[in-house]
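Protein chains in written order, with our numbering: chain A, 94 to 220; chain W, 94 to 220. Even for Gly, the Cβ is constructed at its ideal location relative to N, Cα and C.
2 protein chains.
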Amino acid sequence: MKYSDRRECIFKRIKNSYDHPTAEMIYEDVRKIIPNISLGTVYRNLNQLVEEGYIKKITNLDENAHYDKKDMHAHMRCLNCGIILDLEKTMIPNIAEYVEEKSGNRILSQELLLTGICKECRKKENI
Amino acid sequence: MKYSDRRECIFKRIKNSYDHPTAEMIYEDVRKIIPNISLGTVYRNLNQLVEEGYIKKITNLDENAHYDKKDMHAHMRCLNCGIILDLEKTMIPNIAEYVEEKSGNRILSQELLLTGICKECRKKENI
DNA sequence: TTGGAAATAGTAATCATTACTACTTAGGAA
DNA sequence: TTCCTAAGTAGTAATGATTACTATTTCCAA
C-alpha cells in the first residue's frame with residue numbers, strides 16, 4: 094500500500110476521536126483539511142483500512158456503516174437517550190475463550206452490540 | 094396490527110428454518126405460495142415483525158440485511174468456509190449480567206457476531 | 001352490512017456505496 | 001536525478017437494496 098495523505102488524514106480522523114463516524118461525517122471533516130477530496134476516495138480508503146485491519150467497520154448501529162478504532166471493545170446503545178457508549182475490555186466477559194472451550198470453534202474476533210438503558214438515564218429518570 | 098396471510102407466510106418462512114434469509118430470499122420462497130406477492134410487501138412486513146419484536150434483523154453478516162428467529166443466540170462466521178453458525182445460549186457466557194454488574198447500564202438485548210475458524214474446518218484442514 | 005383503518009400490488013424514487021475514466025503521484029530502479 | 005509504472009485521485013455515472021407512493025382491496029368492529 095502506497096503512502097497517501099488522504100488515507101493518513103482519514104485514519105487520523107477515526108483514531109483521534111471517540112465517536113463512531115459514518116463515511117459522510119469523515120468526508121465532511123477531512124474536507125476541512127483537504128477541500129477537494131472526493132467522497133469516493135473516502136470510501137475507497139475506508140475499505141482499504143478495514144481490509145488491512147487498521148480500523149473496524151460497524152454495520153449494526155443504524156442504516157449506515159460507521160467506522161471505529163481497532164481495539165477490542167463492545168458498544169452499548171441506550172434506548173432512552175440514543176447514545177452509543179464504548180464498553181472497555183474490562184467491562185465485558187472473556188467471550189472468545191469461553192466460546193472456544195464450549196464450542197470447539199476458534200474465535201479470532203468479536204463484535205458485540207448491547208442495547209438497554211445507560212447508567213446516566215437510570216439515574217436521571219429512575220429507571 | 095391486522096391479520097394478513099402475507100405476514101403469516103413471511104413469519105413462518107423465518108420461524109420454521111435454520112438459515113438467515115435476506116428479504117430477497119424470503120420473497121422468492123413466499124412467492125412459491127403466494128405468487129403475486131410484492132417485494133415491497135415483504136419489506137413492509139419484515140419491518141413490522143422486527144418492530145413488534147417477533148423477529149430479529151441482522152445487519153453485520155454482509156452488505157445485505159438478514160432476518161432471524163427471536164430467541165437469544167450468537168452468530169459465528171467461519172473465515173475459511175464462510176458458514177454462519179448459530180451458537181446456542183449454552184455456548185456463550187452470560188454477557189448481560191456481567192456487563193450490568195460491571196458498568197451499571199441495564200442490558201435488555203444483545204447481538205454478538207464472532208469470527209474465526211469453525212470446528213469442521215479445524216478438523217479437516219488441521220488449522 | 002358497512003365505514004374506515006390497515007394491507008396490498010405494482011411501480012417509482014431514494015440514497016449509500018461502488019464502478020469508471022482520465023489524470024496524477026509515490027517511490028523503486030537505473 | 002530521472003524514468004517508469006503501479007497505486008492513488010477527483011469527478012461523475014451507475015448500481016441496487018430499501019423505501020415511498022397510489023389506486024385498490026381486505027379485515028373487522030360496531
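Quick check: what's the CA-CA separation for A116/W versus E101/A? Near 38 Å, if we compare the C-alpha coordinates of E101/A and A116/W.
Chain W residues whose Cβ lies nearer than 7 Å to that of P186/A: By Cβ distance, chain W contributes P186, I188 and Y191.
Would you please state the rounded distance, in angstroms, between the beta carbons of I148/W and Y160/W? I believe it to be under 8 Å. With 8 Å as the limit, I148/W and Y160/W qualify as a contact, their Cβ atoms being about 5 Å apart.
Under a CB-based cut-off of 7 Å, is S202/W close to chain A? Interface with chain A (7 Å Cβ-Cβ cutoff): S202/W is included.
At a CB-CB cut-off below 9 Å, which residues of chain A make contact with T208/W? The contacting residues are I200, L201, S202, Q203 and E204.
Within a Cβ cutoff of 7 Å, which residues of the same chain sit near K150/A, ignoring the five residues on either side of it in sequence? Cβ within range, chain order: V143, A158 and Y160.
Over the uninterrupted alpha helix (DSSP H) stretch that includes K108/W, give me the two end residues. Going by DSSP, K108/W is part of the alpha helix (DSSP H) stretching over D98 to K108.
Any idea what DSSP makes of Y191/W, helix, strand or coil? Three-state result, Y191/W: helix.
Rounded C-alpha distance that separates N140/A from T134/A: Their backbone Cα atoms lie some 10 Å apart in a straight line.
Starting from C211/A, find everything on chain W with Cβ-Cβ shorter than 7 Å and list it in chain order. Per Cβ cutoff of 7 Å: N198.
So, is the C-beta of N153/W closer than 7 Å to a C-beta in chain A? At a cut-off of 7 Å between C-beta atoms, N153/W counts as an interface residue with respect to chain A.
Helix, strand or coil: how does DSSP classify Y236/A here? Residue 236/A lies beyond the stretch modelled for chain A, which goes from 94 to 220, so this question has no answer here.
Taking contact to mean at least 3 C-beta pairs separated by less than 8 Å, is the segment 165-183 of chain W in contact with the segment 164-181 of chain A? No, because fewer than three Cβ pairs between the segment 165-183 of chain W and the segment 164-181 of chain A fall closer than 8 Å, the two stretches do not touch.
Residues of chain W with a CB under 8 Å from the CB of L132/A: which are they? For L132/A, there are no C-beta contacts with chain W under 8 Å, since the nearest C-beta of that chain is about 18 Å from it.
Looking at G197/A and K212/W, is the spacing between their C-beta atoms short of 7 Å? The Cβ atoms of K212/W and G197/A lie closer than 7 Å to each other.
Please state if the CB of I200/A and the CB of E193/A are separated by a distance shorter than 7 Å. For E193/A and I200/A, yes; Cβs fall inside 7 Å.
Alpha carbon of R106/A to alpha carbon of I127/A, nearest angstrom: Cα to Cα, R106/A sits roughly 12 Å from I127/A.
Please state whether the Cβ-Cβ distance between P186/W and P186/A is less than 7 Å. In this structure, P186/W lies near P186/A, with their beta-carbon atoms less than 7 Å apart.
Report yes or no: is there a C-beta of chain W within less than 7 Å of the C-beta of M165/A? Output row for M165/A: interface = no.
Quick check: what's the CA-CA separation for L206/W versus N109/A? Rounded to the nearest angstrom, the two C-alpha atoms are 26 Å apart.
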